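In my numbering, each number is its position in the sequence shown, counted from 1, plus 953.
Everything on this sheet refers to the single structure shown next.
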Amino acid sequence: MNSRVILVIDDTEYGEAAVETLEFLGRAGLRGEIYIFYGSQVVYPLLSAEREMRVFTQLRLKASQIANTSKKRLENVGFKVRQVKILFGPLSEEVLKFEEILKPDLIVFGMRRRGLIERVLHGDLYKEVVFNTKTPTIVCKPRFRREEYCTYDESKCIMCELKALKEAD
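This is the structure in C-alpha cells:
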C-alpha cells in the first residue's frame, strides 16, 4: 500500500518527534509519499523594511535547513518526499485545505502545549486539525521512548492497521 502522509514540523523538539515517529513507521514497513509543512508562528513587530527582510531571510534559511534535513532522513527510510512547503503564520487553515485536496491517509505532527495567551494570539493548530479533519492523525510527543513499548518487528503490521482505520470511516 502506498500511503500519502502530511507531516507538520517546526524547529522545536516537537517537530523532531514527528519526524522520528515517521522514521519509525518507515522502518516498520510503511511506504508512500510525504508532504512536509514547515510552520512557524511569527509575531509581526514593527520593523523597518530592511530589518524585516533580514529577519525573514534568516527564518527562511533556518526553515529550509530543517525541512531539507527532515526530507533526507525520510528518504533514507524509503519514503518519497513530494513537496515541502514553508509557511509563516497560521498553519491550520493551510493544512486543512491541503487535506481536502490531497485526501491523505495520515497526518503526523508534534504537539506542544500552549498557554492561554499564546492560544488567544495564535490559535491552536493541533486542536483545529484534530477536530476538523477526517484523516487519521498521529500527535507526537518528545522524549517518548518507543522502544519500551514495541520494536520495529512488532509494528510490521502498521499498514494493515492504517487500512483498517480507513475502512472504519
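Backbone N, C-alpha and C fix where the C-beta goes; we use that ideal spot for every residue, glycine too.
Small disclaimer: the values here were computed from a predicted structure and weren't measured.
Residues of the same chain with a CB within less than 6 Å of the CB of Phe-1032, apart from the 5 flanking positions on each side, are Gly-979, Ile-987 in chain order.
Using a Cβ-Cβ distance cut-off of 8 Å, the stretch 1022-1032 and the stretch 1081-1100 are not in contact, since fewer than three pairs of beta carbons, one from each stretch, lie closer than that value. 7 Å or more divides the Cβ of Pro-1095 from the Cβ of Val-958.
Under DSSP, the beta-bridge partners assigned to Ile-962 are Tyr-991. Distances from the alpha-carbon of Ser-956 to those of Ile-1019, Arg-1004, Leu-983 put Leu-983 closest. The C-beta of Leu-1014 has fewer than 16 other C-beta atoms within 10 Å across all chains shown, which makes the residue exposed. Between Val-1092 and Ser-1023, the gap from beta carbon to beta carbon reaches 7 Å or more. Distance between Phe-1009 and Glu-1003, taken at the CA atoms: about 10 Å. Counting the other CB atoms within 10 Å of its CB gives Ala-1016 a total of 16 or more, which places it among the buried residues. One alpha carbon belongs to Val-1083, the other to Arg-1007, and they sit about 35 Å apart.
Membership of Val-1030 in any alpha helix (DSSP H) is not indicated, and neither H nor E is assigned to it by DSSP. With contacts defined as CB atoms closer than 7 Å, Phe-990 and Val-1048 qualify as a contacting pair.
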